[in-house]
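In order, the protein sequence lines correspond to chains W and L.
Numbering-wise (this note's numbering), the first sequence opens with residue 0 and increments by one.
Numbering-wise (this note's numbering), the second sequence opens with residue 0 and increments by one.
Worksheet: one structure, shown below.
Number of protein chains: 2
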Amino acid sequence: MNTVAAVADFRTYPLISALNGVQRLADRVLAEWADGRVSPFHHAWLRDNCPCPQCVYSVTREQVFEIVDASSSLEPAAARIDSDGRLLIDWQDGHLSRFDPGWLRAHAYDDESRAERLAAKPRPFLWRSDLQLPVFDYAALMNDNDALLHWLLAVRDIGLTQVRGVPTEPGSLKAVAQRISFIRESNFGVLFNVQSKADADSNAYTAFNLPLHTDLPTRELQPGLQFLHCLVNDAEGGESIFVDGFAIAEALRREDPPSFQALCDIPVEFRNKDRHSDYRRLAPIIALDALGHVAEIRMANFLRGAFDTSVEQMPLLYRAYRRFIAMTREPRFRVMRRLNPGELWCFDNRRTLHARNAFDPATGARHFQGCYIDRDELLSRILVLQR
Amino acid sequence: MNTVAAVADFRTYPLISALNGVQRLADRVLAEWADGRVSPFHHAWLRDNCPCPQCVYSVTREQVFEIVDASSSLEPAAARIDSDGRLLIDWQDGHLSRFDPGWLRAHAYDDESRAERLAAKPRPFLWRSDLQLPVFDYAALMNDNDALLHWLLAVRDIGLTQVRGVPTEPGSLKAVAQRISFIRESNFGVLFNVQSKADADSNAYTAFNLPLHTDLPTRELQPGLQFLHCLVNDAEGGESIFVDGFAIAEALRREDPPSFQALCDIPVEFRNKDRHSDYRRLAPIIALDALGHVAEIRMANFLRGAFDTSVEQMPLLYRAYRRFIAMTREPRFRVMRRLNPGELWCFDNRRTLHARNAFDPATGARHFQGCYIDRDELLSRILVLQR
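What follows is the structure in structure tokens.
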């Protein structure tokens, strides 16, 4: 059995520490590592994760065994370390499981191992107006997977990037986006054209200023990444403005805790409506993850429905909303740049709010194209590039 | 000003009850309705929701006014009911707002109005093995918007439907799906072919039995609707099996509360991996909404990663997981049918778990096509059809 098949995965798991010993207890096995760590593994967990070809189909590397088909009182008849350093379990029902020590250590669930994995998770780098804008080169990221990975890590962790040297033919954005994955379609299309239109079905398609917002807050899952590619920009005005919504939310948490809490707790409805669609989504403006970190911002004043909360809470919600919007207007948070033809923005649409100054269509043409990709596709692409 | 422009919406708001009187208090206006209800509206709320053409762009019907641009101490100079029965507010800064009484009543946030709206929300109809399968006719739903709406309401509320009379040319599914919206693409394509393949990148593309599961639990947002369209079904076996995941979760809540709670609280990782992608998502198997109702099931044993919870919680998680899987196998919950050529399943992929019996490719060909649409698109389509 080779190591890859033995872990039922496309990753490799380096040997952090060898298995030194193994003890059998009533409901678990204790694995003792050369570096002194002791990791308990319950019998059910070990049987469930058996990587043998009977339990995992070798072509798809997906499990065919289901733990409910094993007795809940199943126990090892024997547990030992084999000559290759693997944990070997002889089950009472005759099944045999072998565990690669690199894989086992990577999935150990003793407190220390879990804390290590938690600490290794990437955390966002928060920024303000003095951000050194991360700029990437089109030719490099189209041709070189290392350059691509470098860009995608910046998108993931900083949430605002610019790419230069992009062709200005309409549709060129598609090839850039597809270096990551397929594009997420919406009712505005696969690629959308950001131009001032007489029959606009969104304020984005006017020459108005657009206040700081996330796109499609009206959907259950806001698009993860947004691309905006400049083809023509001869009009006066129309500068792009960005703020780090996570940085603002964290500042709000410090400076006005009740307002922060109100935006986490009270759901707000966002609405997109035209003759052909009617999207509505009720959700708080600030979402936290299980650890209390700010995980998402949902905001577009022009797509917001009437607040619908109790009479008692309404004044607090208005205070919090005013405060948050006022903060998005503060210079300490804002990055403003004019995008030139052949440049594109790629940013985290669930974190980085974007705005546009009003422009004057009488002074010249302005044509941007945009599209979306979801965070799942970004993270998958990063994991594949990191293999 | 006509009524449509005055409510900045594509809906109409019938007059439930006329405005009888209005009282000004320090921070709010009290609207008194003909049926005796009294609805408070805070000054900020009224100014924020002014539907006049200065505040709302009439082409897009999106707000251009931002409440942060009004003083937080802004008050009405006068509030009265005009000769058309509308609430009229003269603001101290000279702005004038007029509110349609139908719109105002539909957005009133006194306790009684909020409770009424909550009670009017659609709730899922839970089912077991004795479900009268909702069956719809292809020609009717393709040509008649009422038939289409009838089908979509069944998809929303029951979560399992069959359509008959569908052409069996490959790709025919696309036209059915597009009666609702664009299709949600995934790494398996826009339409995916469910056939036994030698180089399968998913157990779905083998002839194995597939246990009851949701598709793509490895994504942050599981696809809302799944379509499975039968083109050819000459092989022995391969029957479709469905259970209502919400009904099972509610039964688990009654029959084994600690197991139910564990599946709500303890996140589990699901993984899709092949040579080109590496999707991972950590989330609980049962998700509740803000009111404690079961809102989503996430489950696919063959895509599950190793459980990663504390040593203390691990035995409870295995007990709960075994119990849930065992319940999906109980006859009281299961609907089993063989799908014939020209028939398709359309079901709520976040609620209705589906399974397939093993089939024998040596006995004949079997070819299904599938695709996904998200719940946002379903709900938007229903709202437009209901206008």
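All C-beta atoms in this analysis are idealised placements derived from N, C-alpha and C, irrespective of residue type, glycine included.
For residue i, does the three-state DSSP call read helix, strand or coil?
i	result
Thr-2(W)	Confidence in Thr-2(W) is poor, its pLDDT being 41 and thus under 50, which makes the residue's placement too unreliable to answer from.
Arg-60(W)	coil
His-41(L)	strand
Val-21(W)	strand
Ser-72(L)	coil
Ser-185(W)	strand
Thr-160(W)	strand
Tyr-12(L)	coil
Asp-307(L)	coil
Ile-247(W)	helix
Asp-375(L)	helix
How about residue i and residue j: are their beta carbons less than 8 Å apart?
i	j	result
Asp-136(L)	Gly-164(L)	yes
Gln-194(W)	Arg-337(W)	no
Leu-315(L)	Leu-151(L)	no
Val-37(L)	Ala-78(L)	no
Arg-391(W)	Phe-226(W)	The question about residue 391(W) has no answer here: the residues shown for chain W are numbered 0 through 386.
Ala-30(L)	Leu-86(L)	yes
His-275(W)	Val-383(L)	yes
Val-231(L)	Pro-340(L)	yes
Arg-127(L)	Phe-323(L)	no
Leu-125(L)	Thr-213(L)	no
Arg-113(L)	Asp-156(W)	no
Tyr-278(W)	Ser-379(L)	yes
Gln-62(W)	Asn-300(L)	yes
Asp-273(W)	Asp-200(W)	yes
Phe-367(W)	His-228(W)	yes
Ala-248(L)	Ile-285(L)	yes
Glu-65(W)	Arg-374(L)	no
Cys-370(L)	Ile-182(L)	yes
Who are the neighbours of residue i on chain L, taking C-beta pairs under 8 Å?
i	result
Ala-248(W)	Simply none; closest approach about 17 Å.
His-275(W)	Val-383
Tyr-108(W)	Phe-306, Asp-307, Thr-308, Ser-309, Val-310 and Met-313
Ala-78(W)	What Ala-78(W) touches in chain L: nothing, since even the nearest Cβ is about 17 Å away.
Run through chain L and tell me which residues come within less than 9 Å of residue i, C-beta to C-beta.
i	result
Tyr-317(W)	His-41, Ala-43, Trp-44, Asp-47, Ile-66 and Ser-71
Asp-198(W)	Val-58
Val-154(W)	The premise fails here: Val-154(W) is roughly 16 Å from chain L at the closest Cβ pair, so nothing lies under 9 Å.
Gln-62(W)	Asn-202, Asn-300, Phe-301, Leu-302 and Arg-303
Where does the unbroken alpha helix (DSSP H) through residue i begin, and where does it stop?
i	result
Ser-112(W)	110-119
Cys-263(L)	256-264
Arg-335(L)	Arg is not the amino acid found at residue 335(L); the sequence shown has Met there. Per DSSP, Met-335(L) belongs to no alpha helix (DSSP H); it is in the beta strand (DSSP E), 334-336.
Pro-314(W)	313-327
Arg-386(L)	Note, Arg-386(L): premise wrong, no alpha helix (DSSP H); not H, not E.
Arg-27(L)	Premise fails: Arg-27(L) lies in the beta strand (DSSP E), 27-32, not in any alpha helix (DSSP H).
Gln-368(W)	No alpha helix (DSSP H) holds Gln-368(W); the beta strand (DSSP E) holding it covers 365-372.
Leu-130(W)	Element bounds for Leu-130(W): n/a, residue is neither H nor E.
Asn-142(L)	137-142
Leu-172(W)	171-177
State the start and end residues of the unbroken beta strand (DSSP E) segment that holds residue i.
i	result
Ser-96(L)	95-98
Ser-239(L)	239-243
Ala-354(L)	351-355
Lys-272(W)	267-272
Val-231(W)	224-232
Glu-342(L)	342-347
Mind pulling the chain W residues with CB within less than 8 Å of residue i?
i	result
Pro-210(L)	Glu-65
Pro-314(L)	Asp-26, His-41 and Ala-43
Arg-113(L)	Asp-307 and Ser-309
Could you list which residues in chain W have their beta carbon closer than 9 Å to that of residue i, in chain order?
i	result
Lys-120(L)	What Lys-120(L) touches in chain W: nothing, since even the nearest Cβ is about 11 Å away.
Asp-288(L)	None at all; the shortest Cβ gap to chain W is about 10 Å.
Phe-9(L)	Lys-272, Asp-273, Arg-274 and Asp-277
Glu-31(L)	In chain order: nothing, as chain W lies at least about 15 Å away.
Interface residues of chain L around residue i at Cβ under 7 Å?
i	result
Leu-220(W)	Glu-219 and Leu-220
Leu-95(W)	Under the 7 Å cutoff, chain L gives no residues; its nearest Cβ is about 19 Å from Leu-95(W).
Glu-295(W)	Chain L residues near Glu-295(W): none, gap ~10 Å exceeds 7 Å.
Since residue i meets chain W, which of its residues come closer than 7 Å, beta carbon to beta carbon?
i	result
Ser-379(L)	Ser-276, Asp-277 and Tyr-278
Arg-321(L)	Ile-66, Val-67 and Ser-71
Asp-375(L)	Arg-218, Glu-219 and Tyr-278
Ile-324(L)	Glu-65 and Val-67
Task: Three CB pairs or more closer than 8 Å across the stretch 273-291 of chain L and the stretch 166-182 of chain L - done: no
Task: Segment contact, 8 Å Cβ cut-off, at least three pairs: the stretch 201-218 of chain L with the stretch 248-262 of chain L - done: No: the two stretches stay apart, fewer than three of their Cβ pairs being nearer than 8 Å.
Open item on the list: Does the stretch 231-242 of chain L come into contact with the stretch 343-360 of chain L, if we say contact requires no fewer than three beta-carbon pairs (one atom in each stretch) closer than 8 Å?
Closed with: yes
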